[in-house]
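Take a look at the structure set out below.
See below:
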């Protein structure tokens, strides 16, 4: 092999490795930041009824003035990570290769998870997610606005015992980020 | 909240944070609740003592943060565990390859075992396995509320949360020196508001607390217990300790800002205890207005970004 061929081979290997790494990075839905132009803007207009308003503690969206799509997505992912708790998470997920030192540790974790499920129930887990998202985003100075349930379900999810599929979750978070960084809503702010 | 539910939460929290190092002789990380006895307390000079005072029975969780040496030792343990686990994976993977050679369409396809790597190896953080939950029983004193006294290894301790609420969105740490007692008062804003507010204004949930009020207020506790040696009591030097993972899937909140120590700006702690130059560097490069010490939110149109403290 000539030196030129060797250099080319090394360059090709390096390029392939770089491409593979880039592809790997691109397919990670938890970290990729989509082009906001490709993210569909959810419908937010609706004629409010008293029933809608009574459910605003469950069905809402966030907005903050002067915030870019990237900032909003980072904030939503951060809060989503806190809201998920042990089940997975953006920054805090249980690692893909979990390890526990001792049998006691394994048993402790299993007992904790089983008891959490048995005691609190799926409805409580869903409520906790809403509380945690509201508080976390509120502390980041996002305002909260109410939404009709049907419209909310188009780009939001509830999470009980079963976690939302990661690709869908991230797609919805991206839509929420588009709203959060978009024009200020005309609707009334709800507070934390 | 019912007593049964509180007990269940206690059990869950215990199961979730009980140190799993206990069986490993080289670690020897132990804590002990000091019992309520009439005799004056004799301190073990090799141990530190954390006193937590509250109006009612509580279940706070404290976590020891590692020193540089402890962090290095923990990293070594992680590396050793990873090496060991990788060795097991090599065998499992060879088994999988053999199964794949026998596999044909129509059979259930064997699942390739995940290779443990530096990036994906889920080894618990130091503080997660050096944690202790105090209370709700085993009080050192019931005079004027509930006082808990815990004997712990000396070091830096983090307030992680109380009962089923973690201070994951912003907390503090403090040193617990050997042979000393560090008294901390924990005030629970929701409990205070329910007790103090007129009936029509009482919050129903923690989300109903006044704007800028989070659920935990920590400060130095006043101690007048004659059983405690007065010359061993040192006031807690609180430091902003940033955010922490919501390991137990709990409700998340944060510690109230401490004037002169830290405040929050868009959800991130800004260290006010550092020298002025360092504050300027660690706070907001864009001049973002921070929340006031009472925690009121800044204007919506403030520019973004602040540096998390203590992370």
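Protein chains in written order, with our numbering: chain F, 1 to 192; chain Y, 1001 to 1311.
Cβ atoms here follow ideal geometry from the backbone N, Cα and C, with glycine treated the same way.
Bear in mind that the values here come from a model prediction, so they are computed numbers and not experimental data.
Those residues which DSSP pairs with residue 1052 of chain Y across a bridge: Y/1148 and Y/1184.
Cross-chain neighbours of residue 58 of chain F in chain Y, by beta carbon under 9 Å: Taking a Cβ-Cβ threshold of 9 Å, none of the residues of chain Y is close to residue 58 of chain F; the smallest such distance is about 12 Å.
Cβ neighbour criterion (16 or more within 10 Å) applied to residue 1247 of chain Y: Its Cβ being crowded by 16 or more others within 10 Å, residue 1247 of chain Y is buried.
Spatial neighbours of residue 133 of chain F in its chain, beta-carbon cut-off 6 Å, leaving aside the 5 residues before and after: Counting only Cβ-Cβ distances below 6 Å, and skipping sequence neighbours, we find 79 and 83.
Euclidean distance between Cα positions of residue 1264 of chain Y and residue 1092 of chain Y: Going from the Cα of residue 1264 of chain Y to the Cα of residue 1092 of chain Y covers about 49 Å.
Identified DSSP bridge partners for residue 1165 of chain Y: Listed as beta-bridge partners of residue 1165 of chain Y by DSSP are Y/1162 and Y/1251.
For residue 38 of chain F, three-class secondary structure by DSSP: The answer is helix: DSSP assigns residue 38 of chain F an H, G or I state.
Close beta carbons around residue 1235 of chain Y, own chain, < 8 Å, minus the five adjacent residues each side: Taking C-beta separations shorter than 8 Å and ignoring five residues to either side along the sequence, the partners of residue 1235 of chain Y in its chain run 1182, 1183 and 1220, following chain order.
Cβ of residue 82 of chain F within 7 Å of any chain Y Cβ: Using a CB distance cut-off of 7 Å, residue 82 of chain F counts as an interface residue toward chain Y.
Residue 1109 of chain Y versus residue 1251 of chain Y: straight-line alpha-carbon distance, rounded: Put simply, the backbone Cα of residue 1109 of chain Y is about 40 Å away from that of residue 1251 of chain Y.
Residue 1044 of chain Y in three-state terms, based on DSSP: If DSSP states are grouped into helix, strand and coil, residue 1044 of chain Y belongs with coil.
Boundaries (first-last residue) of the beta strand (DSSP E) holding residue 1140 of chain Y: Taken as a continuous stretch (DSSP letters only), residue 1140 of chain Y belongs to no beta strand (DSSP E), as it is neither H nor E.
Cβ neighbour criterion (16 or more within 10 Å) applied to residue 1231 of chain Y: It counts as exposed.
Under 8 Å by beta carbon: chain Y residues contacting residue 192 of chain F: Those within 8 Å of residue 192 of chain F in chain Y are 1207 and 1211.
Simplified DSSP state of residue 1088 of chain Y, which is helix, strand or coil: Here residue 1088 of chain Y sits in helix by DSSP.
Check: residue 150 of chain F C-beta below 6 Å from any heavy atom of the ligand MN: With respect to small molecules bound, the structure shown includes none, and the ligand MN cannot be examined in it.
Cα-Cα separation between residue 1179 of chain Y and residue 1233 of chain Y, rounded to whole angstroms: C-alpha separation (whole angstroms): 9 Å.
Sequence-distant residues of its chain with Cβ nearer than 7 Å to residue 1217 of chain Y (five each side left out): Closer than 7 Å at Cβ, skipping near neighbours: 1187, 1189 and 1256.
Given residue 1130 of chain Y as reference, the closest of Y/1028, Y/1185, Y/1240 and Y/1238 once Cα atoms are compared: Checked all of Y/1028, Y/1185, Y/1240 and Y/1238; the closest Cα to residue 1130 of chain Y is Y/1028.
Segment limits, beta strand (DSSP E) that includes residue 1262 of chain Y: If you look at residue 1262 of chain Y, you'll find it in the beta strand (DSSP E) that goes 1262-1265.
Own chain partners of residue 169 of chain F with C-beta closer than 7 Å, once the 5 adjacent residues on each side are dropped: Excluding residues within five positions, the ones whose Cβ falls inside 7 Å are 157.
Three-state class that DSSP yields for residue 56 of chain F in the structure shown: Of the three classes helix, strand and coil, the one that applies to residue 56 of chain F here is coil, per DSSP.
Given 8 Å, three or more beta-carbon pairs between the segment 1153-1171 of chain Y and the segment 1093-1103 of chain Y: Between the segment 1153-1171 of chain Y and the segment 1093-1103 of chain Y, the count of Cβ pairs shorter than 8 Å is below three; the stretches do not touch.
The segment 121-152 of chain F: positions lying closer than 7 Å to chain Y by Cβ: For the segment 121-152 of chain F, which is checked against every Cβ of chain Y, the residues closer than 7 Å are 128, 131, 132, 134, 135, 136, 139, 140, 141 and 143.
8 Å Cβ shell around residue 1058 of chain Y - same chain, five flanking residues per side excluded: Hits under 8 Å: 1052, 1134, 1135, 1136, 1146, 1148, 1162, 1163, 1186 and 1188.
Partners in chain F for residue 1251 of chain Y, counting only beta-carbon separations shorter than 9 Å: Going along chain F in sequence order, the residues near residue 1251 of chain Y (Cβ under 9 Å) are 128, 131, 132 and 135.
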